[in-house]
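Residue numbers (our numbering): 236 to 702.
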C-alpha cells in the first residue's frame, strides 16, 4: 500500500453487492442527540492535506470534534479515547491523524459526558453514536464507519462493536481493556492487597472505598515507597514478584532487553522497574474513578485462594525461584494472604460495573492489537476476551494481533494503519483469510514506509485474578 492518499474503503463503498450493514442506520433515542451548539467549521492546510475541523456539544454536555479532508473517501473513523481527561479526541496521535487524513479518512470522537467519573462507561457508547449523527448533520453523511479505540476506549469500542451493527461496519482495537472493568479491579486489588500485606500493613483497611482522588494518590505514593524499600532485600524482591504475578505485571521494561525465560532475577527487576516508574500511581487513582462510576467498591479479597491464584499465573516459576533463593516459605505466605483476606465489595457496585463495563460478544468484525509487554492493561486481557467471544458464538468475527514491544499503547503509526488496512480487507471480502498473520501485517506496515513495525506470533497466557 502506498502512503499517498488512497480510497482504502472506496471499494467497500462501491461494493454494494457485499451487503454490508446499511450506513448510519437510525440511532436509538439516547444516541440520536444532535449538537446543542455546533461551531462554524474551520479549514486548515498542511503540506499534504487540507482539512476542515468541526465541533459541537451533545445533549448530555459531551463535546465532539471531527476532521474531514478535502478529498474525503467517504469513510469516518470513530475514535474512542482512553482513561484520563474527558476531552474530545479523534485519533490516537497527531502522527496517526496526519497519515489517516492524507489517506482520505475523516476522523471524529467525543469527550464522553464530562459531568461524572473519568471512568465514563455509563455515557461513552451513546456519546459516540451521537457523534456519528452530529458528524452526518454537519460534515456530511459517511458511506461507512469504522470504530477505533485505545485502552479504556478499547472497552468502549468493544461495546460499540457488540451493539453497533447498522451504525458501524467494523472495529479496530488498540491495547483495549477488553476483559472489562470487573476483572481489572479484581486483579489490581489482589496485587495491592499483597503489597500492603507484606510491606505496608497500616494501609490494608484503606485500599478500597477511596474518598477522593488526593487520598488515592497519597496511598499510591506510600505503596510505591514501600516497594522501593522492599526491593533492597532478597525477601522483598521475592514478595514483589508474588504481587507482580497477581497484577499480571509485564516482565519487560523500557530500555531493557527482554529477559530470558529462566532469568527470574531479571524478570523481577524489570517488573519492579514498572512499579517504580508509577504503575501504582496510575491504577490506584484509577480505582477511585471506577468506584465513583460503580457506586462503591466492586471487588473482594475475601474467599480468594491466593495459593491457587499464583498456581494459575504464568509468573509462578519466577516467584517460586525467587522465594527459594530468599529462603522463604511460599506456601506459608500465600496461605497467610488467603487467611487474612477480609475485603468485601459491594454486590450492587459489582453489578453496576458488570453492566457498564463487561463485553462478551461481537456484532461486527474486530481486529484487536496489543503490545506483548503492557504494564497497565495486561496482554492477558486478550486471552480472557477471546474466550468469552468464542463462547458467545461470535468468535469468527474476532482476530487478534500482537506487537513485540514494551509499554501501554506503544504502537507505531505504521502498525495502526496496517491494522486498519487489514480490517478493511476483511470488510471488503467478507473473509479474514490470512490478512492478520504477523507476516501479512508486517508486509502491510513496511509498504507504508513510515516508522517501522514489530508484529509477532504471540499467544497470551490466561489472565490471573478472574473470579
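From the three backbone atoms N, C-alpha and C, an ideal C-beta is built for every residue, glycine too.
Reduced DSSP category for residue 293 - H, G, I as helix; E, B as strand; rest coil: coil
Stretch pair the segment 532-548 + the segment 571-580: three plus CB contacts closer than 8 Å: Touching, yes.
Helix, strand or coil for residue 509? Go by DSSP, reduced to three states. helix
Can you have a look at residue 350 and say buried or exposed, based on whether 16 or more other CB atoms are within 10 angstroms of its CB? exposed
How would you call residue 207, buried or exposed, if buried means at least 16 neighbouring beta carbons within 10 angstroms? The question about residue 207 has no answer here: the residues shown for the chain are numbered 236 through 702.
Would you mind giving the Cβ-Cβ distance between residue 461 and residue 506, rounded to the nearest angstrom? I have them listed as a contact below 8 Å. With a Cβ gap of about 15 Å, residue 461 and residue 506 do not count as contacting.
Reference residue 454, options 276, 514, 313, closest by Cα: 514
Short of 6 Å in beta carbon distance, which residues of its chain neighbour residue 459, apart from the five on each side in sequence? Order them along the chain. 515
Quick check: what's the CA-CA separation for residue 399 versus residue 598? The alpha-carbon atoms of residue 399 and residue 598 are separated by roughly 7 Å.
Using only the alpha-carbon positions, how far apart do residue 370 and residue 643 sit? 30 Å
Entirely within the segment 559-589 and at least 4 residues each: give me those alpha helix (DSSP H) ranges in chain order. 565-575
Rounded separation between residue 356 and residue 670 - CA only: 31 Å
So if DSSP puts residue 637 in a beta bridge, which residue, or which two residues, is it bridged to? 605, 691
What did DSSP end up calling residue 519 once you bin it into helix, strand or coil? helix
Unbroken stretches of the alpha helix (DSSP H), 4 residues or longer, contained in the segment 436-468: 448-465
Whole angstroms are fine: how far does the CA of residue 384 sit from the CA of residue 342? One C-alpha to the other measures close to 12 Å.
From the DSSP secondary-structure annotation, give me the bridge partner or partners of residue 303. 287
Where does residue 616 land, buried or exposed, given buried means 16+ other C-beta within 10 angstroms? Counting Cβ neighbours within 10 Å, residue 616 comes out buried, since at least 16 surround it.
Assuming residue 649 and residue 602 make a contact with CB atoms under 8 Å, what is their CB distance in whole Å? So it is not a contact: roughly 15 Å between Cβ atoms.
Alpha carbon of residue 681 to alpha carbon of residue 324, nearest angstrom: If you take the alpha carbons of residue 681 and residue 324, they lie about 27 Å apart.
Helix, strand or coil: which one does DSSP assign to residue 412? Residue state for residue 412 is assigned as coil, using DSSP reduced to three classes.
Neighbour-count burial assignment, residue 529, 16 or more Cβ in a 10 Å radius: buried
6 Å CB neighbourhood of residue 366 in its chain, flanking five on each side removed: These residues qualify, in order along the chain: 299, 343, 345.
Selection from 416, 495, 482 that minimises the alpha carbon distance to residue 620: Of the listed residues, the one whose Cα sits closest to residue 620 is 416.
Ignore the nearest five residues each way along the sequence and tell me which others in residue 470's own chain have a CB closer than 7 Å to its CB. 561, 563
Residues that DSSP places opposite residue 298 in a beta bridge: 292
Work out the CA separation of residue 328 and residue 246 for me, nearest whole Å. At residue 246, the pLDDT of 42 sits below 50, so the modelled position is not reliable and the matter cannot be decided from this model.
Which same chain residues, not among the five before or five after residue 509, have their C-beta less than 7 Å away from its C-beta? 484, 485, 488, 610
Given 8 Å, three or more beta-carbon pairs between the segment 404-414 and the segment 654-662: Under the three-pair Cβ rule at 8 Å, the segment 404-414 counts as touching the segment 654-662.
Just reading off the alpha helix (DSSP H) that residue 391 is part of, what are its end residues? 387-398
Helix, strand or coil for residue 371, going by three-state DSSP, please let me know. helix
With distances taken Cα to Cα, identify the nearest neighbour of residue 501 among 347, 652, 473. 473
Beta-carbon within less than 8 Å of residue 596's beta-carbon, same chain only, minus the 5 sequence neighbours each way: which residues are those? 397, 623, 624, 627, 628, 629
Identify whether residue 318 lies in helix, strand or coil by the three-state DSSP scheme. It is coil, neither helix nor strand.
Alpha-carbon spacing of residue 259 relative to residue 663, whole angstroms: Note that residue 259 has pLDDT 27, beneath the 50 cutoff, so the model's placement of it is unreliable and no number is given.
Contacting residues, own chain, Cβ-Cβ under 8 Å from residue 332 (five flanking each side not counted): Excluding the 5 residues flanking it on each side, residue 332 has same chain C-beta neighbours closer than 8 Å at 302, 325, 326, 342, in chain order.
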